[in-house]
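Residue numbers (my numbering): 7 to 919. Just below is one structure, and these are the notes that go with it.
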Amino acid sequence: MTRIRVDKPTGISNIVLVLLIAFSFLFLETRIEAQSPPSPGPSRAIQGSSGTAPPYPPSTRWRMIDSPQHRIIFPAGFENQALRVAQLGEGLEEDIAQDYGVEVPQLPLILNTSRQVSNGYVTLAPRHSLWYGYNVQQQFAGPLDWYSLLALHEGRHVVQFEALNRGFTRFAGWAAGEYGRSFFSMYSMPLWYFEGDAILSETALSSAGRGRSAAFHREIRAILGEDRLPSYSQAYLGSYSEHFPNHYHLGFPLVTYIRHAYGPEAWKEIVRETAKFSFWPLRFHRAVKKVTGCSMPELYQDGMAFLSDYFTERDRFRTTTKAERVFPREEREEWINYLPLSVDVENRLYVLRYGDREAPALVRVKVGEKPSDREGETARPSEELVCYLPDRHQRPSVSAGRAVWTEELPHPLWSKVSTSAIVLFEIDEGRRHLLTGDGAYQAPSLSPEGDRVAVIEALPGGGGRLILLDADGGTELLATAPPVDVDSREGEPLFLRQPAWSPEGDRLAVIALQHGQNRLWEYSIEEDSWRPLSEPAAFRIADPRYFHTDDPEKEYLAYVSERSGTEAIEALPTSGRAGKDIYLIASRPFGAIGPVAAAGRIYFADYTADGFHTASITPPMERLLSPDETDAEPIDYVNPIAKEWSVPQRGGDESSSAETTEEPSPDRRGEYPIEEYGPLSGILNYHSWGAIPDFEGGLEFFARSDEILSRLSLTNFGGFNLQNDRYYLGLQGTYRGFFPILQFGLSADTNSPTDPDSQWYGATALLGADAPLNLSRGVWFRRLSLNTTAYLRYEEARPEYDGDQDAYALPIGHSLSWYGASKASSPADFAPPWEQYLELNALYTAAPAEYWGRRFGLQGLLTFPGPARSHRLQLSLSGEAKSGREVPLNTPSIRPRAYPFGWNEHYPENAVA
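Next up, the structure:
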């Protein structure tokens, strides 16, 4: 009987390929987001797992606009947004690329209006960018329009890749396509360069950006102010003992300082020198040393000293106020934050707690309790955990025994589709339910009675409106938005942020952003009318809250302001002259945010190098800002670079190039014809290729194609093994344009083709379906996946065996897997606190009868908290049972007695032939 043989891929060559692909995908975003990579590259054995869920529903009708800068692919119905993106690209291309002096080829850009996240990225393999269309409530880049921010930040990443496409990196691109180019770009340059340089672009080319944001500088400012600077390695690579924000906060000061100190050509030369020999370990550090004469740790110390001197000089004349800590804790205990949310009738303070070793959670603390009132010597407050939260950036609203927040609800079938739902949590009952099942909701706020929810309904492109919902059933009560000035420019949407209820529940305050300016507005529910509470401000404001002083007739609105270049709490009266009288409530050395009013006091979060402490103050309403003090004093150490780029400076009526870009007028829209992007448009997009040796005398060539919308992935492969005198050629693909995912493959091989006495041919076909379901909710990530794969292997009779006949085998495999993991983990945790994985698999040979056999497998994993904080324990289970002589066991760890270690090495991982 002829045994049908399918060689298993060599482990070393697979490792090389996996490493190559892993480093190939760069997701440079305005906010970090994990995304599943495409399925692995070529392999001599056709594999049967797709890995990534289908991105978009097949019913989505795609359209496209071709401009010199972008091929914009967008869903039908969003033509105006796509046209605006096209003109933004045209207006900004020259400014973004000017200092590197590179030409940027047209870039495919996907405009995603179906996923409720605020993000964007640029990547290679395949080369494209993706913009998510929803603005962010935190306004982390200051008062900057959402699409303008993405154009400036993500556009700079595109320029960075082109600037690095020289020297050995360009050679790698010739040899391996975008896999090679992406790998050596990321291998040779640190992540902080990519993000720091992109933040420099968004800041210097606009009147906002993170480089002018007090919130962005808050943590590093406290580290410098308290002389807690970690080493360069700790700042870049992370540390369990010393807190440093991340590579965004490291990158911008370093990129800016090197440009200040060594001139506008410094980074161009560093990039050129690095790319020239990008294969060399630590080539970036050598390039920095060559251009600046200093090592990277020395430049880090110099850059931080420059920043420290800058803030020390700024703070010489800045007013700070005193405050009382609500619950003192030990200094340098750990980086942990307590952000006040509400005070209930029992004088219990609800706070958002998170830190390096604390998962985001809603906790309750007794106000006024001293350390001596508690058992033990710990200085931590006695906290009562209410519930864990999926994201520390989503600040809950708490009132009348209830809490609300928003959560992203992923679509179970489509990976690039999600909704933002409102979660209502009954605190005493510990019960949560979804108030809304779909929508694009942001920043929900509970009324004082807990019976209504005010929330912002976000619109793609950065717009939004105010919605009122019934808190018991989720019924929409009204929808409204402030009146837009008739003289305003068209194109840039009005974005609303952070609604806040008046104590009587009859009015709402919101922040409106448009044309680079924030303004506080008040909406009267009974009168259905809007009125402005403040003058437009060209700096970030946040967290509005109503409060009364000792005089109940006097009502004020407190809010966080970056007017002084530091986050401070200001207030203005809600009656009288709109925005003319401004009071300073709290100004702390490194930042004060999150005001909450209760019992004649203002609670707020006071930042230090150990995190946010909860503090309180009696509102000093005698501290009225003078006209000189109301002038904005932004963080401006980037301004000399902005002048080099000939960008108008912040202030007055001047605007940056990003902010003066209008929507295309009707007479210009003909320059951007809109076309259909059909199912076959761009379906073949070969971007990478190469050759991989297997160290056993074999060599495999491959070419990889990925359609921009991730619908079709193809891998062509072929190779030979001189030792075995074997040659093969094949194609493997995955189609994600519908659900379930379709997998297919076909390969042919010839053995001893030059020897007629031993020559024979073989062929392998694969057809499978993969059905992954994303069932994640709340703090739990859950995934259920069902896979079925059928193989057909045919082999011609071998001449060297008398009487041998043609043979075939049809193995069919099934697997059902479940994965669940808690997202209630902290950065220091080794793994999620709770994690479960269970997989059942079965394989049987359907034909021919003499090959009949079957195999059943079970694999399991359980992770749970360990004996020490942030430690985890894991239990794993693996077992198999089989029947039939031709079906071997598959689990590598199972070695039955008397079987050699290599007895099953000729079988692919998920099939038997």
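Where is the CB? At the ideal position from N, CA and C, for every residue including glycine. Keep in mind that this is a model prediction, so the values were computed, not measured.
Contact between the stretch 344-359 and the stretch 812-819 is defined here as three or more beta-carbon pairs at a separation below 8 Å; is this criterion met? no
Among the candidates P149, G139, A147, A131, whose CA atom is the shortest distance from the CA of F167? Here residue 167 refers to the residue found at position 161 of the sequence shown. It is A131.
Proximity below 7 Å, CB of K296 to CB of E279: Indexing the sequence shown from 1 puts residue 296 at position 290. Indexing the sequence shown from 1 puts residue 279 at position 273. Result yes, Cβ atoms of K296 and E279 sit closer than 7 Å.
If contact is defined by three or more beta carbon pairs under 8 Å, each pair taking one atom from either stretch, is the stretch 205-223 in contact with the stretch 257-266? yes
Start and end of the alpha helix (DSSP H) containing D101? For the purposes of this step, residue 101 is taken as the residue at position 95 of the sequence shown. Unbroken alpha helix (DSSP H) run through D101: 85-103.
Should the stretch 277-292 be called in touch with the stretch 187-197, which here means at least 3 C-beta pairs below 8 Å? yes
CA-to-CA distance, S239 to S245, given in whole angstroms: Here residue 245 corresponds to residue number 239 of the sequence shown, with the count starting at 1. Here residue 239 corresponds to residue number 233 of the sequence shown, with the count starting at 1. Looking at the two C-alpha atoms, the distance is approximately 9 Å.
List in chain order: all unbroken alpha helix (DSSP H) runs of 4+ residues lying wholly within the stretch 145-230. For the stretch 145-230, whole alpha helix (DSSP H) runs of length 4 or above, ordered along the chain, are 152-170, 173-182, 184-194, 197-210.
Suppose contacts are defined by Cβ-Cβ distances below 7 Å. Is R227 in contact with F312 by that definition? The sequence position of residue 227 within the sequence shown is 221, counting from 1. The sequence position of residue 312 within the sequence shown is 306, counting from 1. No Cβ-Cβ contact shorter than 7 Å links R227 with F312.
Buried or exposed: which applies to F744, given that a residue is buried once 16 or more other Cβ atoms fall within 10 Å of its Cβ? By one-based count along the sequence shown, residue 744 stands at place 738. Result: exposed.
Given this structure, state the Cα-to-Cα distance separating P499 from A157, to the nearest angstrom. The residue labelled residue 499 in the question sits at position 493 within the sequence shown. The residue labelled residue 157 in the question sits at position 151 within the sequence shown. Approximately 16 Å between the Cα atoms of the pair.
In the DSSP output, which residue or residues are listed as bridge partners for A827? The count along the sequence shown starts at 1 and reaches residue 827 at position 821. A827 pairs with F787, E841.
What first and last residue would you give for the alpha helix (DSSP H) that runs through M302? The residue labelled residue 302 in the question sits at position 296 within the sequence shown. Run containing M302: 302-321, per the alpha helix (DSSP H) assignment.
Neighbourhood of F250 by C-beta, 6 Å cutoff - its chain only, sequence neighbours within 5 removed: Position 244 of the sequence shown holds residue 250. Cβ neighbours of F250 beyond the five flanking positions: P236, A241.
Name the residue from T555, S540, P579 whose alpha carbon lies nearest to the alpha carbon of L519. As a working mapping, residue 519 is identified with position 513 in the sequence shown. Out of T555, S540, P579, S540 has the C-alpha closest to the C-alpha of L519.
Residues near R370 by beta carbon distance below 6 Å, same chain, minus five either side: For the purposes of this step, residue 370 is taken as the residue at position 364 of the sequence shown. Here R370 has R354, Y356, E390, V392 as same chain residues with Cβ atoms under 6 Å from its own Cβ, once five neighbours each way along the sequence are excluded.
I714 - DSSP class collapsed to helix/strand/coil: Taking the sequence shown and counting its residues from 1, the one referred to as residue 714 is at position 708. The answer is coil: DSSP assigns I714 none of H, G, I, E or B.
Buried or exposed: which applies to G809, given that a residue is buried once 16 or more other Cβ atoms fall within 10 Å of its Cβ? As a position in the sequence shown, residue 809 is number 803, starting the count at 1. G809 comes out exposed.
Between the CA atoms of R804 and P762 - distance to the nearest angstrom: As a working mapping, residue 762 is identified with position 756 in the sequence shown. As a working mapping, residue 804 is identified with position 798 in the sequence shown. A straight line joining the alpha-carbon of P762 with that of R804 spans about 10 Å.
Run through the DSSP bridge pairs and tell me what L288 is partnered with. On the sequence shown, residue 288 is found 282 positions in, with the first residue counted as 1. Partner(s): none; L288 has no beta bridge.
Does Y807 pass the burial test, meaning 16 or more other C-beta atoms within 10 Å, or should it be called exposed? Residue 807 sits at position 801 when you count from the first residue of the sequence shown. Exposed, since its Cβ has fewer than 16 Cβ neighbours within 10 Å.
Thinking C-alpha only, which one of E841, G215, S889 is nearest L881? Sequence index remark: in the sequence shown, residue 881 carries index 875 (1-based). For L881, the nearest C-alpha among the options comes from E841.
Counting Cβ pairs, one atom from each stretch, are 3 or more of them under 8 Å apart for the stretch 764-773 and the stretch 783-790? no
Going along the chain, which unbroken runs of the beta strand (DSSP E) with 3 or more residues stay wholly within the stretch 558-614? 561-567, 574-579, 589-593, 598-604, 607-614
Where S687 falls: helix, strand or coil (DSSP): Position 681 of the sequence shown holds residue 687. If DSSP states are grouped into helix, strand and coil, S687 belongs with coil.
Neighbourhood of P6 by C-beta distance below 8 Å, restricted to the same chain and skipping five residues each side: With the chain covering only 7 through 919, there is no way to say anything about residue 6.
Just to confirm my understanding: we take P46, look at its own chain, exclude 5 residues before and 5 after, and list those with CB closer than 6 Å. What are they? Along the sequence shown, read from residue 1 onward, the residue named residue 46 stands at position 40. A caution first: P46 carries a pLDDT of 25, below 50, which makes its placement in the model unreliable, though a value can still be read off. Excluding sequence neighbours, P46 sits near nothing in its chain.
Does the stretch 86-93 come into contact with the stretch 411-422, if we say contact requires no fewer than three beta-carbon pairs (one atom in each stretch) closer than 8 Å? Contact between the stretch 86-93 and the stretch 411-422 is absent: fewer than 3 CB-CB pairs across the two stretches fall below 8 Å.
Can you give me the C-alpha to C-alpha distance between E801 and N780, rounded to a whole angstrom? Numbered from 1 along the sequence shown, position 795 holds the residue referred to as residue 801. Numbered from 1 along the sequence shown, position 774 holds the residue referred to as residue 780. Cα atoms of E801 and N780: separation of roughly 40 Å, rounded to the nearest angstrom.
In whole angstroms, give me the CA-to-CA distance for G600 and G863. Here residue 600 is taken as the residue at index 594 of the sequence shown, counted from 1. Here residue 863 is taken as the residue at index 857 of the sequence shown, counted from 1. Each residue's alpha carbon lies about 53 Å from the other.
Taking Cβ to Cβ, would you say A427 is nearer than 7 Å to L440? Mapped onto the sequence shown, residue 427 falls at position 421. Mapped onto the sequence shown, residue 440 falls at position 434. It is a contact, given that the beta carbons lie within the stated cut-off.
Burial state of P64 (16 or more Cβ within 10 Å): Start at 1 with the first residue of the sequence shown, and residue 64 comes out as number 58. That one is exposed.
Rounded to whole angstroms, what's the CA-CA distance from G309 to M302? Just pull it up for me. As a first step, residue 309 is located in the sequence shown; it is residue number 303 there, counting from the start. As a first step, residue 302 is located in the sequence shown; it is residue number 296 there, counting from the start. The C-alpha of G309 lies about 10 Å from the C-alpha of M302.
Within its chain, find whatever has a CB closer than 7 Å to the CB of R234; leave out the 5 residues flanking it on each side and keep chain order. Residue mapping note: residue 234 aligns to position 228 of the sequence shown, counting from 1. Counting only Cβ-Cβ distances below 7 Å, and skipping sequence neighbours, we find A615.
For H163, count neighbouring Cβ atoms within 10 angstroms of its own Cβ and tell me buried if that reaches 16, exposed if not. The residue given as residue 163 occupies position 157 in the sequence shown. Flag for H163 reads buried.
May I ask you to report which of helix, strand or coil DSSP gives W341? For the purposes of this step, residue 341 is identified with residue 335 of the sequence shown, where counting begins at 1. If DSSP states are grouped into helix, strand and coil, W341 belongs with coil.
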